[in-house]
Each structure stands twice: as structure tokens, then as C-alpha cells.
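Enquirer: Under the numbering used here, read the sequence shown as residues 898 to 1188, first letter to last. Every residue gets a Cβ at the ideal spot worked out from N, C-alpha and C, and that includes glycine.
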Amino acid sequence: MASDVYSQVNDRILAALEQGIIPWKRPWTGQLPTNYDSGKQYRGVNILTLDIAEMVRGYSSQYWLTFRQAQKHGGHIKRGEKSTYIVFSDKKVREVEKEDGTKERKIYHFIKSFPVFNWDQTEGVPRKEAGAALDRDRDLIDVCDTILSKMPNPPAYRESGSSAYYMPKDDLVNLPPMDTFRTTDGYIATKFHEYGHSTGHKSRLNRSGVMGAASFGCEEYSFEELVAELTSAYLCAGNGVDNTLENSSAYIQNWLSVLKDNKTMFLKASGKAAAAVEYICGKGAGTTPAS
């Protein structure tokens, strides 16, 4: 059931926060959790849940596979090993009859979860070499600019003052000057955060938390803030940007309180963030919340 999936994801995030781990604030190297069989890196919320498992359980491999995939490659899962659940979205198309007797197609979206295991939990499965970490000496500003240059219909941008914000009325992202940030990574993570907010403009993905009158501290405000946090996290994760600046106790306690009160918020926000990343990267609006 969908409610079970939401609870599974939320419980994992809460457990990490209670240990002082902020799943979306990590020193990313570009070696993201990867499917052993396809070689594709996981996306969205699965980056976070698998990364938590790797860190908490001490796994050394970035590769994950299912029970059947382990058998396919000549091995098996070690006795007593516990799986980690990943989630994905799917849809069904059904024909429904309208009141006038005509039929129309309706699309129903739903989410599923299924178990995977880290390569460290297997025996007899050939080892794969870890993917190369991204070069920390590369110009991160160029990386950031290249990503944002792909965004269709981008907001206006300026650097002034001492505050970072997105102003929907003027469709404007404002950041303090780059040299006022302690690190280049912090500057980029903040920039990604504000551009995440900008995807909610009515001319883009039209999120109510951006275009509505959400007041500070309300649920809608918190939801939009989480969307922007996760948008920044996913962009940082895929490009090796260290996103660990905000890790204060107050920050952790705030999100613990918010997420305990709403078990569906995290996974829903992750879906909106995945769509925001797709938009920023010029790949369309995006519809898959948890691939």
C-alpha cells in the first residue's frame, strides 16, 4: 500500500536525523549508489536511502542488486542479511465511462517499493570496481554554470546584499556576492537551492508553495523549503559538490519535528524535487518521484 511506502521512507529519514545525520547534506563525491546490473545510478530519494544504508551499515560498495540479480550473476545473498527498500513510481491507464456514455482514458499514478542488497551482502557475485570519484580540482563554478545554462526560461539572477532568496513576484534569484561565502561548494549549494525554488514559478512547474501565500513556518512553507533543499541535494550529489554546511542541532530538530507530523511530506517533496532537477537540467518537467 502507498501509505506503507510513505511510512517506510519517512521512518528511515527520521532514524537518520535522530542519529545526527542529515541525509540530504552530505560530502558527495559523485560515487552514487548504482544498480549492479544496469550500471545506472539511482535517482531521487533512493540516493538518500541507499547512502544512509551504506554509511550506517558500513558498506564499502556503491553497487546494489536484487535477490534475483545476485543469482543471475552466479551468487546469492548471505544468510541473515537485511534488505534496503527502494521506491519507484508507475502508472496505469484505464478507460472509464463518463455520464454521457462516452469513454475517456485516465492515468493513475502510484508508488511501489522493493528490496535490494548491497554487493557487500552477497557471496559469489563478481566484484565491480568503484566508479571514479569526480575531480575535486575541477572548476565547480563552471560545472554549476553549465547545469544552469540548460534551464529553459530561467529566472533573472543577481548578486547583491547579504541574503539568498527567490522573489516570485519579480521571478528573481538573489545571492550575496560569491566572495562572501566561506566555500565555493556552499555558494553552489545555495544557488541550486534558490533555483530549486524558482522552478515553482507559475511559468514553470507552478507549485503553490511558491505562487501562493504560504506563511513562514506553515506546512506549505516547510514543504516548499524541503523541495528546494532536496533539489539542491540531488544536483550536488550528481556533481560532487560538498553540501554539508548546515548541520546544526536546531536545523536537525526542526526537520525532525516537521517530518514526524507529516509522514507523506518527504516522499512527496522528493518527487517535486526530482521534477525540479529535470526542469533545471533541460529535460522537461519530470514526473517520477522516486526512481
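1) Any heavy atom of the ligand GTP within a distance shorter than 7 Å of the CB on Q905?
2) Go ahead and label F1014 buried or exposed: buried means 16 or more other beta carbons lie within 10 angstroms of its beta carbon, across all protein chains shown.
3) Is the shortest distance between the beta-carbon of R909 and the beta-carbons of chain D less than 8 Å?
4) Quick one: grab the DSSP three-state call for V1070.
5) Classify D1042: buried if its beta carbon has 16 or more other beta carbons within 10 angstroms, exposed otherwise.
6) Using the beta-carbon count (16 or more within 10 Å), is P930 buried or exposed?
7) Can you look up L911 in the DSSP assignment and give me helix, strand or coil?
8) Taking 8 Å as the threshold (C-beta atoms), are V1070 and S1095 in contact?
9) With DSSP as the reference, identify every bridge partner of F985, one or two as the case may be.
10) Which runs of the alpha helix (DSSP H) fall wholly inside the region 912–991 and span at least 4 residues, in chain order?
11) Are there three or more Cβ pairs, one per stretch, closer than 8 Å when the region 1099–1115 is compared with the region 1145–1155?
12) With DSSP run on the structure shown, which of helix, strand or coil describes F1120?
13) When the distance is taken between beta carbons, is H1098 closer than 8 Å to E1126?
14) Can the beta-carbon of W925 be found less than 8 Å from the beta-carbon of C1133?
15) For a quick check, are the C-beta atoms of M1048 and Y1131 less than 8 Å apart?
16) Rounded to whole angstroms, what's the CA-CA distance from D948 to G998? Just pull it up for me.
17) Please state if the CB of L1037 and the CB of T1081 are separated by a distance shorter than 8 Å.
18) Going by the beta-carbon positions, is the gap between S986 and I1008 smaller than 8 Å?
19) What's the gap between the Cα of R976 and the Cα of R965?
20) Could you tell me which whole alpha helix (DSSP H) segments of length 4 or greater appear in the region 1140–1181?
21) Drop a sphere of 10 angstroms on the beta-carbon of N1050, count the other beta-carbons inside from all chains shown, and report buried for 16 or more, exposed for fewer.
22) Taking only the alpha-carbon atoms, compute the straight-line gap between A1171 and I1149 and give it to the nearest angstrom.
23) So A1110 is in the alpha helix (DSSP H); what residue range does that whole segment cover?
24) Bridge partners of M1064, per DSSP?
25) My guess is that V1174 and S1119 are in contact by the Cβ rule of under 8 Å, so how many angstroms apart are they, rounded?
26) Could you name the residues of the same chain whose beta carbon sits closer than 8 Å to that of N1140, not counting the 5 residues immediately before and after it, in chain order?
Expert: Concretely, from the data shown:
1) Among the components of this structure there are no ligands whatsoever, and the ligand GTP is therefore not found.
2) buried
3) Reference to chain D is not applicable here, since this structure consists of a single protein chain.
4) strand
5) exposed
6) buried
7) helix
8) yes
9) K1009
10) 942–954, 964–969
11) The answer is no - the region 1145–1155 does not touch the region 1099–1115, with fewer than three Cβ pairs under 8 Å.
12) helix
13) no
14) yes
15) no
16) If you draw a straight line from the Cα of D948 to the Cα of G998, it is about 51 Å long.
17) yes
18) yes
19) 15 Å
20) Complete alpha helix (DSSP H) runs here, min 4: 1146–1158, 1162–1177.
21) Exposed, since its Cβ has fewer than 16 Cβ neighbours within 10 Å.
22) Answer to the nearest angstrom: the Cα atoms are 22 Å apart.
23) From DSSP, A1110 is part of no alpha helix (DSSP H); its letter is neither H nor E.
24) L1069
25) Wrong, their Cβ atoms sit about 20 Å apart, outside the cutoff.
26) Excluding positions up to five away in sequence, the list reads W921, K922, R923, P924, W925, D1082, A1086, S1129, A1130, C1133, A1134.
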